[in-house]
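Line order of the protein sequences matches chains A and B.
Everything in the first sequence is counted per the working numbering, starting at 1 for the first residue and increasing by one.
Everything in the second sequence is counted per the working numbering, starting at 1001 for the first residue and increasing by one.
Ideal Cβ placement from N, Cα and C applies to all residues, glycine included.
One structure below.
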Amino acid sequence: MAIGAEALKAGGPGPPAGPLAISRARTSRRILLDRLSSRLVVVGGVIIIVSILAILVVIAGEVYPLFKKPTALFLGRHGVPGAIPVPGDAAGVEEYRELAYQVTADGMLRFVALKEDRTLAPVPVPGVDGAAVTAAAHNGKSSHVIGTSDGRVIPLELVFDVTFKDGRRTITPRAEFGQPFLLDGERRRPVRRLAFAAPPSGPLTVAQVGPTELVVRTIVERKALIGPGTKIESLQSLAVPVEGEITALRLDGRGEDLFVGTSRGQVVRYDMRDTANPTRADVTDVTGNHGAVTALGLLIGDRTLVVGDQAGGVSTWQVISPPRGGERRLTRVYRFEDHAGPVIAISPSRRDKGFTTADASGQIHLHYGTSGRTLLAMRAPDGAPLRAVVFAPKTDGLLALDERGVLSHWQVENPHPEVSLRTLFGKVWYEGYARPEYVWQSTGGTDDYEAKFSLTPLIYGTLKGTFYALLLAVPLALLAALYVSEFMHPTIKGYVKPVIEIMAALPSVVLGFLAGLWLAPMVERVVPGLFLIPLVVPACILAALLLWRGLPVSIRGRMRVGTEALLLVPVVGIGVWIALALGGLVEAQLLGGNYRGWLLSALGLTYDQRNSLVVGIAMGFTVIPIIFTIAEDSLANVPQHLRAGSLALGATRWQTALRIVLPTASPGIFSAIMIGFGRAVGETMIVLMATGNTPVMDWSIFNGFRALSANIAVELPEAPEGGTLFRVLFLAAFLLFCLTFLVNTVAEVVRLKLRRKYRYL
Amino acid sequence: MKRLWKSGEPFIWLTGGALALALLLVAGLVALILANGLGLFWPRDVVRMTLADGKVMTGQQVEREAVPGKPGQYRIKLRVANRDLYGADFQWVDEARIATREYPPDAVVVERTEWGLLIGTIQEVRDGGRTVAVGSARGLDELRRQLPEAARLREEIRRIEKGDIGAINFAQDRVRLALKRLEIKGVTRGPDVDALQSQMGALQARYREQEARLAGLRKRQTASVVVTADDGKEKDLPLVQVLNVYAPNTMGVFAKSGHYAAGVWEFVSDDPREANTEGGVFPAIFGTVMMVMIMSIMVTPLGVLAAFYLREYARQGTFVSAVRIAVNNLAGVPSIVFGVFGVGFFIYFVGGTIDRWFFAEALPTPTFGTGGILWASLTLALLTVPVVIVATEEGLAAIPSEMREASLALGATKLETTLRVVLPAVMPSILTGLILAMARAAGEVAPLMITGVVKLAPALPIDGFWPFVHLDRKFMHLGFHIYDVGFQSPNVDAARPMVFTTTLLLLLIVVLLNLFAIGLRNRLRRKYAMAAV
């Protein structure tokens, strides 16, 4: 069918013309095949392109749950007949939210199976002996104390045994009561409030027996090397000198701080480290309007105190040193959304820094301590005044106990409470910090660690690295591009351009390795010299030019125009060498022989070995070829007649380049810089290997930083799937994607416009 | 002078200087890698220095540099080796402190399986408590006689450990999973289970048998060599741990070249030792090549199809230009973002689904729901698909439309024109794109770090066990090897030459691929520059 190529080449006549015998069936098959393949290519092409572009959607899909509003689903109410609730932490639920319990005023420990909505047989608290239960407290784990109306306290260990049989979970409660002990001696006043902590050194119980009177009971356990350890029990009363009376009590888990809330809106902090001698540390007005403090709570880790007051105000407080120095004192961190009535209960999460508050009007709020946000508000179904609230151990549920002993049960969907726009990008007042700050510190050693997810230092680091890389790369690449496109001999151009392209292909891991292990220690020795290079090398080049012009024409004539750069290679090399040598001299003479000491004393800068200077140089390697190639392209494409016209009018080569070519191609140069910027922003391995990866925020060229990209590479392998860190890292990738895509699109559009412009010129 | 300034010549020279600096940077980088990477296998002479205070140090000189802060004084970095005896591989010696230097002919360098090099003098060779040869010359001869046997023994042990016992472990895993699968179905008794149990028993018996064989082999290795180092320290080294012994001070250039060639071969063909700081990089080369291959298989049809759609089949308009810009820009999206996509989509979504459907018995241990060579390759395919699309499109645009029109005018359908006329003409462009994609993939590390690369893979992705190709396995990669050995290894100083050599290898691969692509592209451009008048 087809005419052979040989026949065409030979130019001779083809085979004699005649009617082509093509069967109809074959033709229609061909046409069918053609149509089918057209469809296939279109469908296939569209699918491929859509799936490539779906990257953004997938990443955004992983990020989306971070910003989903938390929700609560009301599951049901569970009444316990005959139950009169006890104030304080008298209720709880186990981890799977199948069994809830409460200690009731009649001296019973009652259980409710939440799923089946039935009550289990109540367990009488031994040793109540007809008295009423008036207070209860626990340490957030399994240890409880129960106070009675005749001044005694009964310890209780409540454990839930979980067994699996045939794939079914059975949970059985196991309650072990300890020996009751007398707190108030013979006066037998009722226990009004209790606070309890069980640090390793021994349990600590604080009870309120009078309006302003506390009793502290400590047991110091000393473990002996051989034989049984000793237990020293001590009881002492503590009169709190306050106006009004005590309305709330809270002890931290380490047994170091006792917080006492009063009816006049004050919190008195006692230092309990010396158990024999509790000392008053400070007194703070916490409500502002002298309304009573009605509830106190501590977030997990026991560093943040939550205060609820008579007017419904909720706020968090920390014991920190004031910014201007001085004694550590209780300082307010955040205020949360107000309740309508007095806050009566606070329940912290056992997993994160969240907590719930409940008020007497039946309202429940869910808050998060790190972000200072109130996430969710809900109401008990019949609006009965609440007595207690329980945040489920896995933070997936809520129980509220009203005054008739009815439990209301919610399921809470709140997987990422610690993330909000403010915690990601704004300043956040973290625990143990003197003021709000930007911090990235995603993991810590302990369970009660407060994750710090501020992306600001990482974005800052990315921009810092990019800035220093461009600072080096932009002038070098643009000047080189100008030279290659305008002044260079075309033959040499054919050799130089591939070299630069090879430079673009250098794997970044190679550059990162050289930067981290070879360049960083090298640079450390010659820093002053490096800063002299921009001065010394141009001087050397000018000197070379003068020398060159001094040479007789017979020698000069041998060099063709446009080969200066080759001549300059040794000159630049010598210039660098001179600069480094001079740098040593400068350091010895002007900087006292030690530039690092000089930096510290004169400029207050510290020097890290792996710093932004090293990164800038290494990243320059990846950015220079990109900027060079695109800039050279747009410069070389400036229509030749513009140059010819300028030169014909008597302008020099330099004037033509500067006044005609450069302005015409300036959009192309802009897009070259943009694309170089995009490349530097996303560079990972160099940043990872050549910086210290510390998320600090300062602009010093002698310090390292931590970039978004390196952060993803370091932390993603360790982030559990679906967790907050995992999603925040996806958010970082999303930001990188958007930033580079945007920058590249702008650059591309500018370039296309320029190309059109050239066509019309 | 003023005229010179006005002519603009100084500025031109300055721009030229910028270019010269850029070229100098590239040349310097390549020279640095060459200088450091090529020296690893050259047997350096062993120098014995007696210091002014009478202390004797023996080792290989690695570096000589000016003492910081003391102009005119130099110090030497001496590789004293013998990490198990001295604690550190390297020592700095100020030249001012050296009294004498000599190059003793009896100094030997022993390469061994553990603790790095051993440098010293051979005292004697023992065999089963009996002294076979005394003195350095006769000891060396005896060693050379016995080493092949020791190597054979070591190889035998390795074969049993990796091959036979590995096969048994593999089979046991299968049986275990089969049992688990039955259990999920609710079968805990019956002939199937019994058959599997008896299979398991047989495998265990075979395992014990191999263990016994290993123990027997280990007992056969009784010979050892005693080497004395500085300060009279002695090391009694079992021969089976000795890989190679040589006395560099007595070797000529030819002998050294032979040693060098053997070293290069060992580097590219051997498994790594000592936390990747010694031995070879074969698994990393293998992993890199295999990953690039899988990626190429995925990326070529996808990229070509998309490019044909964009250029030949889609109606050209704003939409297609927008798509083109988007695809173009995708090439500028940071590689780590593609890695993140790979983690979220391939590993957890696709891999997790595959695990639930087909590998439920292995859960909660993930099979495909974790990083592996398949996911890494797919991620890189996605990363490089814009490169192929752009290159192919460029090629398609360069084909003169007369060629297509001529074909159509002769009655060929569009499909026939595409397949017989356009495709052959655009083939070199596709190839260029593919080579560029391969070069990019070979050098990329960041997305791999999160999608399946490991520092030490226990097995290659291809082996002798059914189904032979294990796409779910984690793998090693040259680029990651550089990162890992250079930055995560406990003994960076000792590992540095190795990293440089690996860097050289990677650079060689990437640069050669790139040069090839550039050459191809330049030829194409010339061809069409003439065709497209």
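Delimiting residues of the beta strand (DSSP E) encompassing residue i
| i | result |
| --- | --- |
| N1244 of chain B | 1242-1246 |
| G76 of chain A | 71-78 |
| Q411 of chain A | 407-413 |
| S1207 of chain B | Checking the sequence, you will find Tyr at residue 1207 of chain B rather than Ser. No beta strand (DSSP E) holds Y1207 of chain B; the alpha helix (DSSP H) holding it covers 1191-1220. |
| M1049 of chain B | 1046-1051 |
| T357 of chain A | 354-359 |
| K1235 of chain B | 1234-1238 |
| S205 of chain A | The question names Ser, yet the displayed sequence has Thr at residue 205 of chain A. Note, T205 of chain A: beta strand (DSSP E), 204-208. |
| S237 of chain A | 230-239 |
| H641 of chain A | Counting along the chain, H641 of chain A falls outside any beta strand (DSSP E), though it belongs to the alpha helix (DSSP H) covering 640-648. |
For residue j and residue i, believed in contact at Cβ under 8 Å, the rounded distance
| i | j | result |
| --- | --- | --- |
| D1493 of chain B | D1089 of chain B | 6 Å |
| P625 of chain A | M503 of chain A | 4 Å |
| T284 of chain A | A311 of chain A | 17 Å between Cβ atoms; not a contact. |
| P1447 of chain B | L1513 of chain B | The Cβ separation is near 19 Å, so there is no contact. |
| S1280 of chain B | D1270 of chain B | Rather than Ser, the amino acid found at residue 1280 of chain B in this sequence is Gly. About 3 Å separates the two Cβ atoms, so the contact holds. |
| L1237 of chain B | R1079 of chain B | Wrong, their Cβ atoms sit about 18 Å apart, outside the cutoff. |
| A672 of chain A | A469 of chain A | Contact doesn't hold; Cβ gap of about 14 Å is too wide. |
| I1373 of chain B | M1438 of chain B | I1373 of chain B to M1438 of chain B, Cβ: 16 Å. No contact. |
Spatial neighbours of residue i in its chain, beta-carbon cut-off 7 Å, leaving aside the 5 residues before and after
| i | result |
| --- | --- |
| I1399 of chain B | V1422, A1425, V1426 |
| A113 of chain A | E98, L99, L120 |
| A295 of chain A | A248, G308, V343, I344, A345, I346 |
| A1099 of chain B | T1050, L1051, A1052 |
| A1532 of chain B | For A1532 of chain B, the predicted structure reports a pLDDT of 45, less than 50, and the residue's modelled location is therefore unreliable. The matter cannot be settled from this model. |
| R1075 of chain B | E1065, V1067, W1092, V1093, D1094, E1095 |
Residue i: first and last residue of the uninterrupted alpha helix (DSSP H) it sits in
| i | result |
| --- | --- |
| S1296 of chain B | 1282-1308 |
| F391 of chain A | Taken as a continuous stretch (DSSP letters only), F391 of chain A belongs to no alpha helix (DSSP H), being part of the beta strand (DSSP E) at 386-391. |
| F726 of chain A | 724-760 |
| P1447 of chain B | 1446-1449 |
| L547 of chain A | 520-550 |
Beta-carbon proximity list for residue i, same chain, < 6 Å, skipping 5 on both sides
| i | result |
| --- | --- |
| G383 of chain A | G362 |
| R77 of chain A | V406, S408 |
| A292 of chain A | T247, S263, Q310 |
| G1120 of chain B | V1227, T1228, A1229 |
| M1 of chain A | Model confidence at M1 of chain A stands at a pLDDT of 43, short of 50, so the residue's coordinates are unreliable; what they give is reported in the following sentence. Cβ within range, chain order: n/a, list empty. |
Close Cβ partners of residue i (< 8 Å) along its chain, the five nearest in sequence each way excluded
| i | result |
| --- | --- |
| P70 of chain A | L366, L375, L376, V412, E413, N414, P417 |
| P393 of chain A | V93, E94, E95, R350, R351 |
| P1010 of chain B | L1004 |
Taking a cut of 9 Å between CB atoms, which residues from the segment 1427-1458 of chain B lie near chain A?
L1436, A1439, R1440, A1442, G1443, E1444, V1445, A1446, P1447, M1449, I1450
Short of 9 Å Cβ to Cβ, which residues in the segment 1237-1249 of chain B face chain A?
none
Would you call the segment 49-56 of chain A and the segment 692-712 of chain A touching, i.e. three or more CB-CB distances under 8 Å?
no
Just by C-beta distance, which residues in the segment 1071-1086 of chain B are closer than 8 Å to chain A?
none
Closer than 7 Å between beta carbons: that is the criterion. Which residues of the segment 165-182 of chain A meet it against chain B?
none
With 7 Å as the limit, tell me which residues of the segment 1356-1374 of chain B have their beta carbon closer than that to any beta carbon of chain A; keep them in chain order.
none
Interface positions of the segment 1329-1349 of chain B facing chain A (Cβ-Cβ less than 9 Å), listed along the chain
N1329, L1330, A1331, G1332, V1333, P1334, S1335, I1336, V1337, F1338, G1339, V1340, F1341, V1343, G1344, F1345, I1347, Y1348, F1349
contact_flag[the segment 1012-1029 of chain B, the segment 569-585 of chain A] where n(CB pairs < 8 Å) is 3 or more
yes
Contact between the segment 602-620 of chain A and the segment 504-519 of chain A: three or more CB pairs below 8 Å?
yes
Could you tell me whether the segment 473-483 of chain A touches the segment 600-612 of chain A, where touching means 3 or more Cβ pairs closer than 8 Å?
no
Using a Cβ cut-off of 7 Å, which residues of the segment 1284-1302 of chain B contact any Cβ in chain A, in chain order?
L1302
Between the segment 167-179 of chain A and the segment 188-206 of chain A, do at least 3 Cβ pairs fall closer than 8 Å?
no
If contact is defined by three or more beta carbon pairs under 8 Å, each pair taking one atom from either stretch, is the segment 1397-1415 of chain B in contact with the segment 1499-1510 of chain B?
no
At least 3 beta-carbon pairs within less than 8 Å: the segment 1062-1069 of chain B vs the segment 1521-1528 of chain B:
no
If contact is defined by three or more beta carbon pairs under 8 Å, each pair taking one atom from either stretch, is the segment 1033-1050 of chain B in contact with the segment 1244-1261 of chain B?
yes
Give the residues from the segment 1412-1423 of chain B that approach chain A closer than 9 Å (Cβ to any Cβ), ordered along the chain.
A1412, T1413, K1414, L1415, E1416, T1418, L1419, R1420
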